[in-house]
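Engineer: Listed in order, the protein sequences are those of chains A and B. The numbering used here numbers the first residue of the first sequence as 1 and each following residue consecutively. The numbering used here numbers the first residue of the second sequence as 1 and each following residue consecutively. Even glycine gets a Cβ: it sits at the ideal position worked out from N, Cα and C.
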Amino acid sequence: MTAVALPQEVAAPASSRRRWLRRYALAVAGGVVILFWFAVALLAPVISPFNPEFVDIASRLQPPSYAHWLGTDALGRDVLSRVLYGSRISLIAGFSVVVISAVFGTVLGAIAAYARGRVEDLLMRLTDLVLCFPPIILAMAIAAALGIGTTNTIIAMLIVWWPKYARLARSLVLVQRSQEYVEAAHVLGFGHAHILFRHVVPNAIGPLIVMVTLDLGNAILVFAGLSFLGLGVVPPTPEWGAMVAEGRELVQQWWVATFPGIAILSVVMGFNFVGDGIRDWLDPHARRR
Amino acid sequence: MLRYLTNRVVTAFVMVLLATLVIFLIANTAPGDPALAQLGDLAASNPEYVKAFRAKWGLDLPLWERYWIFLKGVAHGDFGISIMSQRPVLDDIRDFAPATIELATIAFLLSILIGIPLGILAAVKRDSWIDHVARFVSLIGVSAPTFWLAFIMLAVFYGWLEIAPGPGRVDPIALLPPKVTGMLLIDCILAGDWETLRDAAAHLVLPATVLAAATLGLITRTTRASMLESLSQDYVRVARAKGLPEWRIVLGHALRNALIPVVTLGGLAYANLLTGAVMTETVFSWPGLGRYTFRSAVAVDFPAIMAITFIVAVVYIAINFLVDMSYAFLDPRAVKR
């Protein structure tokens, strides 16, 4: 038998691919879960077997069956259809709270760090003031004062949500502003606004993106919590937190509260996985941990 | 050190003052009308009743005058009369607070006693099965909605397995010990009532576990990250080179320096437990501040809402102050900055 040197594949060693997979498998899984819920939110009217608000007292509190995969609630409404429709309001609420407060907070924080002096003091004391309240209690007080309803709850959350972005943006911009490229841009004659939003902010945006992703899950969680407390949506709108509230005393009819809760858990975990993945990817230092 | 201290005290005081203003403005400029919310449809349709109601609660005075009255009241510990219970708000809070403090403290101890060792183990044995377990536990804790977790625990351990007692603080037929602190565990021990003590402790297990879940996740995560950071420092290498036993390196050298961020987080986490209590107590029918807060919010009972928000904000500010102080001891460099 003669030894033949076979051509070896050297491109990507299996070990590095395996390491990539191990590192980002959770992030990919989280992304898939989020895409799934996005698709559900878009297609809810098409894929729901029943009208989520259709009351059928005759078939109330039925356990999961072939007709009602996830059972029916105390008013005979189909739990599966309500869970599918519920994704809409959760995703909308989560995204509007986080995106609006991230933009608003970042602009304020960036201006504070760039302007320094009086402006910075004033803006930062303002964020300190909001941050000295526990977010959920403050949001609850505001939501109660504004009256029950999805929009009011989102407004209440926005009021307590933006300061952390202002703080983060400020600290990020403070680091960037002493860099040489800022000086260079000044020398080249660019205006303050141009330097701040076209040069400094894009350079500081990595940690912000991580925070936004992790925060989406958190915002969905808090919104569902406020709904659970009766401050979020007006019934009979299908919403996950409110559904758990409706089923919270039905220990024997566990399906009423269990499935909407699993929906919340899966979305929040999805965003947490993706956020962790992005952090590892952006920060090689954290990658080793 | 003294300057640092006075600085912090003044800041905390200003914060408390500003907090009263914020709370007052929320309660008094919001569109929700307490008169209409409280009187019911029939009475609200009669302008005479509405007017009398407003005059009785001082709702017809100008805004700044009402703020001044509110502030004077707060200075005397007077938060007005709860519209819902018709009692001084402070009395209500005094009645409900012990149940929450008891629950939150047990939950806090649980999350620290499990979270810190778990975080240390996960850091020391990185990428082992215990690290994965720790990661999974903290992830569930952070991602699961508290109110849902509470329901699941009740459904599984009370409804299905029937090994845990149902909602509430004690069995409805249990004889309560004479009220001293309002915290049942302590009162039972003072009265020597071991029967009720066992019952009360059993009722605490589920709500305390639920309440601890989120905090436990955060503490485990932070401890792990912080331990990994300090284990990679030079002084740890020096300690290894000196031939110190591993447990002394981990617990003596690395842990002490790793605890600083954990202390910050722990302080905030305790304050957050008071918030998490709103959800947990609502599900477990726990007669504490959380359920009281929830009921006041639903009834738009402004004096009660204002008082609770204010008190929780003061607790928040106080805990932050204590955390700052403990920095000064754990890391004297923090004072100089």
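1. Which runs of the alpha helix (DSSP H), 4 residues or longer, sit entirely within the region 179 to 258 of chain A?
2. Are there three or more Cβ pairs, one per stretch, closer than 8 Å when the region 148 to 164 of chain A is compared with the region 195 to 206 of chain A?
3. Quickly, what does DSSP pair Asp92/B with across the bridge? List them, please.
4. Of all Cβ atoms in chain B, is any one closer than 7 Å to the Cβ of Leu158/A?
5. So which residues of chain A does Leu154/B contact, with C-beta pairs closer than 8 Å?
6. Name the chain B residues whose beta carbon is nearer than 9 Å to that of Ala110/A?
7. Using 10 angstroms around the beta-carbon of Ile57/A, count the other beta-carbons present and answer buried if the total reaches 16, otherwise exposed.
8. Is the beta carbon of Trp240/A closer than 7 Å to that of Ile264/A?
9. Please confirm if Tyr4/B has its CB atom under 7 Å from at least one CB of chain A.
10. Counting contacts by CB-CB distance shorter than 7 Å, is Asn272/A in contact with chain B?
11. Give me the chain A residues within the contact set of Leu18/B, using Cβ-Cβ distance strictly less than 7 Å, ordered along the chain.
12. Between the region 222 to 229 of chain B and the region 257 to 270 of chain B, do at least 3 Cβ pairs fall closer than 8 Å?
13. Based on the DSSP output, what are the partners of Ile81/B in its beta bridges?
14. Check whether the region 312 to 319 of chain B touches the region 266 to 278 of chain B, counting contact only when three or more Cβ pairs, one atom from each stretch, lie closer than 8 Å.
15. How about the region 104 to 114 of chain B and the region 204 to 216 of chain B: do they share at least three Cβ pairs that are nearer than 8 Å?
16. My assumption, with CB atoms under 8 Å, is that Phe96/B sits in contact with Leu255/B. Please give the rounded CB distance.
17. Output, in sequence order along the chain, the residues in the region 260 to 275 of chain B whose CB is closer than 8 Å to any CB in chain A.
18. Does DSSP put Glu73/A in a helix, a strand or coil?
19. From Ser65/A to Pro98/B, what distance separates their C-alpha atoms?
20. Looking only at DSSP bridge pairs, what is Asp324/B linked to?
21. Return the CA-CA distance between Ala139/A and Leu129/A, expressed in angstroms with no decimal places.
22. With distances taken from CA atoms, which of Arg125/A, Leu123/A, Ala257/A and Pro202/A is nearest Met177/A?
23. Express the C-alpha separation of Val180/B and Ala318/B in angstroms, rounding to a whole number.
24. Answer yes or no: do Asp92/B and Ser85/B have a C-beta to C-beta separation smaller than 7 Å?
25. Note down, in chain order, each residue of its chain lying with its Cβ closer than 7 Å to the Cβ of Met1/A, except the 5 sequence neighbours on either side.
26. How long is the line joining the alpha carbons of Leu113/B and Arg23/A, rounded to whole angstroms?
27. Who are the near neighbours of Thr127/A in its chain, counting only those whose CB is closer than 7 Å to its CB and skipping five residues on each side?
28. Can you list, in chain order, the residues of its chain whose CB lies under 7 Å from that of Ser59/A, leaving out five sequence neighbours each side?
29. Give the residues of chain A in contact with Thr309/B, contact being defined as C-beta atoms less than 8 Å apart.
30. Phe273/A and Leu26/A - do their beta-carbons sit closer together than 7 Å?
31. Examine the ligand ADP and report whether any of its heavy atoms sits within less than 6 Å of the Cβ of Thr264/B.
32. By the 10 Å Cβ neighbour count, where 16 or more other Cβ atoms means buried, how is Gly117/A classified, buried or exposed?
33. With a cut-off of 8 Å, do at least 3 Cβ pairs link the region 252 to 263 of chain A to the region 205 to 214 of chain A?
34. Compare the beta carbon distance of Arg8/B and Asp234/B with 7 Å and say whether it is the shorter of the two.
35. By the DSSP assignment, the alpha helix (DSSP H) with Gly267/B in it spans what residues?
36. For the alpha helix (DSSP H) containing Asp78/A, list its first residue and its last residue.
Structural biologist: Let's see:
1. The DSSP assignment places 180 to 187, 201 to 228 and 240 to 247 as complete runs of the alpha helix (DSSP H) inside the region 179 to 258 of chain A, in order along the chain (cut-off: 4 residues).
2. By the Cβ rule, the region 148 to 164 of chain A does not count as touching the region 195 to 206 of chain A, because fewer than three pairs are nearer than 8 Å.
3. None; Asp92/B has no bridge partner.
4. Residue contact check for Leu158/A against chain B: no CB pair falls below 7 Å.
5. Those within 8 Å of Leu154/B in chain A are Val251.
6. Residues of chain B passing the Cβ test: none, with the nearest at roughly 23 Å.
7. It counts as exposed.
8. Their beta carbons are under 7 Å apart, which means Ile264/A touches Trp240/A by this criterion.
9. It does not: the Cβ of Tyr4/B has no partner Cβ on chain A nearer than 7 Å.
10. Asn272/A has a beta carbon lying within less than 7 Å of a beta carbon in chain B.
11. Within chain A, the residues Leu129 have their CB atoms less than 7 Å from the CB of Leu18/B, given in chain order.
12. Judged by Cβ distances under 8 Å, the region 222 to 229 of chain B makes contact with the region 257 to 270 of chain B, as three or more pairs qualify.
13. Answer by DSSP bridge pairing, in chain order: Pro88/B.
14. The answer is yes - the region 266 to 278 of chain B touches the region 312 to 319 of chain B, with three or more Cβ pairs under 8 Å.
15. A contact between stretches requires three or more CB pairs, one per stretch, nearer than 8 Å, and the region 104 to 114 of chain B meets this requirement with the region 204 to 216 of chain B.
16. Incorrect: roughly 38 Å between the Cβ atoms, too far for contact.
17. Correct list: Ala271, Asn272, Leu274 and Thr275.
18. Before going further, note that residue 73/A is Asp rather than Glu in the sequence given. Annotated three-state conformation of Asp73/A is coil, per DSSP.
19. If you take the alpha carbons of Ser65/A and Pro98/B, they lie about 45 Å apart.
20. As far as DSSP is concerned, Asp324/B takes part in no beta bridge.
21. Cα-Cα distance, rounded: 14 Å.
22. Sequence check: residue 177/A is Arg here, not Met. Nearest C-alpha to Arg177/A: Pro202/A.
23. Approximately 25 Å between the Cα atoms of the pair.
24. Against a cut-off of 7 Å, the Cβ pair of Ser85/B and Asp92/B comes out as a contact.
25. Residue placement at Met1/A is poorly supported in this model, since its pLDDT is 49, which falls under 50; the coordinates are not used for a value here.
26. Their Cα atoms are separated by approximately 30 Å.
27. Cβ within range, chain order: Pro163, Ala166 and Arg167.
28. Around Ser59/A: Thr72 and Gly76.
29. Within 8 Å Cβ-Cβ: Phe133, Ile137, Leu138 and Ala141.
30. Leu26/A places its beta carbon less than 7 Å from that of Phe273/A.
31. You won't find the ligand ADP in this model; it holds no ligand whatsoever.
32. Gly117/A should be labelled exposed.
33. A contact between stretches requires three or more CB pairs, one per stretch, nearer than 8 Å, and the region 252 to 263 of chain A fails this requirement with the region 205 to 214 of chain A.
34. Between Arg8/B and Asp234/B, the C-beta spacing is not below 7 Å.
35. It spans Leu255 to Phe284 - the alpha helix (DSSP H) in which Gly267/B sits, taken as one unbroken run.
36. From DSSP, Asp78/A is part of no alpha helix (DSSP H); its letter is neither H nor E.
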